[in-house]
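With my numbering applied, the sequence shown covers 515 to 766. Note sheet for the following structure.
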Amino acid sequence: TLTATFATAAVISNAANAQRFWADSSVSLLYGEDYAMTPFQFDGEETAMTTMTLEHVSGYDWGGIFFFVDRNVGEEDFNETYGEFSPKYILFTPAEGGLIKTVNAAFTYEFGTSYTGSSGSGFSQDNYLYGIGADLNVPGMNFMSLTYYYSQRNNTFYNGDNDHQLTLTYGWSQGNFNIDGFLDWSTGTDKHDAEFNFTPQLTYNIAPALGLTEKLKVGIEYSYWNNKFGGKGLDDKIDDQNAISLLIKAHI
């Protein structure tokens with residue numbers, strides 16, 4: 515959309531002229547066997563899946579950028595590319611010492627396509643989320659952010675069936691042990707049910723034991739997704755997703 519194009523152009527322009535405070539990039543590999551898929555592809559049954567992810571996050575004097583791209587490969591010749599691009603812009607910074615660190619304007623572009631060769635079915639999406647959020651000062655946490663989005667859905671199942679979403683991201687570490695992840699809750703409409711997605715990663719950095727300078731994390735990712743894809747209108751064939759995946763992540 516034109517709005518999304520302007521938002522992306524503004525981020526690129528700001529990033530080119532901004533002071534970058536920090537940045538982190540990683541590549542990861544996950545494998546799990548209990549993923550719930552679309553009914554048109556697996557008739558609502560669970561399937562094994564391998565996911566390769568490229569991820570980047572960085573902080574600037576104007577705000578920050580987060581993006582990732584997943585490449586998913588599963589059973590029945592299933593393959594999917596999915597990604598999110600999420601810039602935020604600092605609107606104002608309250609006085610130090612309070613719960614709120616910064617108040618941000620937020621935008622997320624969700625994109626993806628999938629195809630299952632055995633059934634000849636596919637799914638595509640280009641969703642645009644516009645919102646406002648806050649980075650929080652929470653004792654003991656490395657970071658925590660809460661954002662409200664208005665979600666403009668443009669996908670195979672619910673094109674134009676827009677809704678609202680709350681997103682919580684968080685991170686905590688103690689030594690080489692780390693827990694981070696996200697929580698999404700979106701409202702339902704007359705076409706789809708409300709969804710709840712809780713996905714934490716529990717990892718341990720083994721780089722010091724191997725004499726490496728960059729982090730190398732091993733662990734698990736747990737994904738609980740209630741009413742995945744909204745359910746309603748899809749013949750009620752989608753169960754809640756409860757998937758545990760083995761994970762290795764290399765920071766680069």
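By construction, the Cβ of each residue, glycine as well, lies at the ideal position given by its N, Cα and C atoms.
Would you kindly report the start and end of the unbroken alpha helix (DSSP H) that includes residue i?
i: Leu-724; result: 721 to 724
Would you report the Cα separation of residue i and residue j, rounded to the nearest angstrom?
i: Leu-650; j: Ser-632; result: 46 Å
i: Asn-676; j: Asp-704; result: 11 Å
i: Phe-691; j: Ile-614; result: 26 Å
i: Ser-635; j: Asn-668; result: 18 Å
i: Glu-547; j: Glu-559; result: 11 Å
i: Met-718; j: Phe-657; result: The sequence shown places Tyr at residue 718, rather than the Met named in the question. Those two C-alpha atoms are separated by around 18 Å.
i: Leu-697; j: Phe-625; result: 19 Å
i: Thr-607; j: Ser-665; result: 26 Å
i: Ser-737; j: Ala-550; result: 10 Å
i: Thr-683; j: Asp-707; result: 23 Å
i: His-678; j: Tyr-663; result: 6 Å
i: Val-652; j: Glu-590; result: 44 Å
i: Glu-709; j: Gln-755; result: 11 Å
i: Thr-713; j: Lys-742; result: 13 Å
i: Glu-610; j: Ala-721; result: 35 Å
i: Leu-643; j: Gly-674; result: 13 Å
i: Thr-627; j: Asp-640; result: 9 Å
i: Gly-612; j: Gly-645; result: 22 Å
i: Ser-542; j: Asp-694; result: 14 Å
i: Leu-730; j: Ser-659; result: 25 Å
Drop a sphere of 10 angstroms on the beta-carbon of residue i, count the other beta-carbons inside from all chains shown, and report buried for 16 or more, exposed for fewer.
i: Lys-601; result: Before going further, note that residue 601 is Pro rather than Lys in the sequence given. Pro-601 is buried by the Cβ-count criterion.
i: Glu-728; result: exposed
i: Trp-536; result: exposed
i: Gly-476; result: Since the first and last residues shown for the chain are 515 and 766, residue 476 lies out of range.
i: Glu-594; result: buried
i: Ala-757; result: buried
i: Gln-533; result: exposed
i: Phe-671; result: buried
i: Thr-661; result: buried
i: Gly-578; result: buried
Cα-Cα, which of the options is closest to residue i?
i: Phe-621; options: Leu-680, Leu-544, Glu-560 and Ser-759; result: Leu-680
i: Tyr-740; options: Gly-702, Leu-726, Tyr-672 and Gly-597; result: Checking the sequence shown, residue 740 turns out to be Asn, not Tyr. That would be Gly-702, whose Cα lies nearest to the Cα of Asn-740.
i: Leu-544; options: Gly-733, Asp-754 and Phe-710; result: Gly-733
i: Val-617; options: Gln-533, Gly-647, Ala-708 and Asp-640; result: Gly-647
i: Phe-592; options: Thr-564, Phe-599, Val-583 and His-570; result: Thr-564
i: Trp-576; options: Ile-604, Asp-698, Gly-689 and Val-587; result: Ile-604
i: Phe-580; options: Asn-586, Glu-590, Glu-589 and Gly-597; result: Gly-597
i: Met-566; options: Phe-582, Ala-708 and Gly-578; result: Phe-582
i: Gly-685; options: Lys-742, Val-587, Asp-640 and Met-655; result: Met-655
i: Asp-584; options: Glu-590, Tyr-574 and Leu-568; result: Leu-568
i: Ile-762; options: Asn-641, Ala-609, Gln-715 and Thr-627; result: Gln-715
i: Ala-562; options: Val-587, Asp-538 and His-570; result: Val-587
i: Trp-699; options: Leu-760, Ile-693, Asn-711 and Gln-688; result: Asn-711
i: Glu-735; options: Ser-759, Ser-687 and Gln-688; result: Ser-759
With residue i and residue j assumed to form a contact (beta carbons below 8 Å), what rounded beta-carbon distance in angstroms separates them?
i: His-765; j: Ser-540; result: 5 Å
i: Phe-599; j: Tyr-623; result: 5 Å
Taking residue i as part of the beta strand (DSSP E), name the residues at either end of that continuous run.
i: Gly-647; result: 635 to 650
i: Pro-601; result: 592 to 606
i: Phe-780; result: The requested residue 780 is not part of the displayed model; the chain covers only 515 to 766.
i: Gly-695; result: 691 to 700
i: Leu-613; result: No beta strand (DSSP E) holds Leu-613; DSSP gives it neither H nor E.
i: Thr-564; result: 560 to 574
i: Thr-546; result: In the sequence on display, residue 546 carries Gly and not Thr. Run containing Gly-546: 534 to 550, per the beta strand (DSSP E) assignment.
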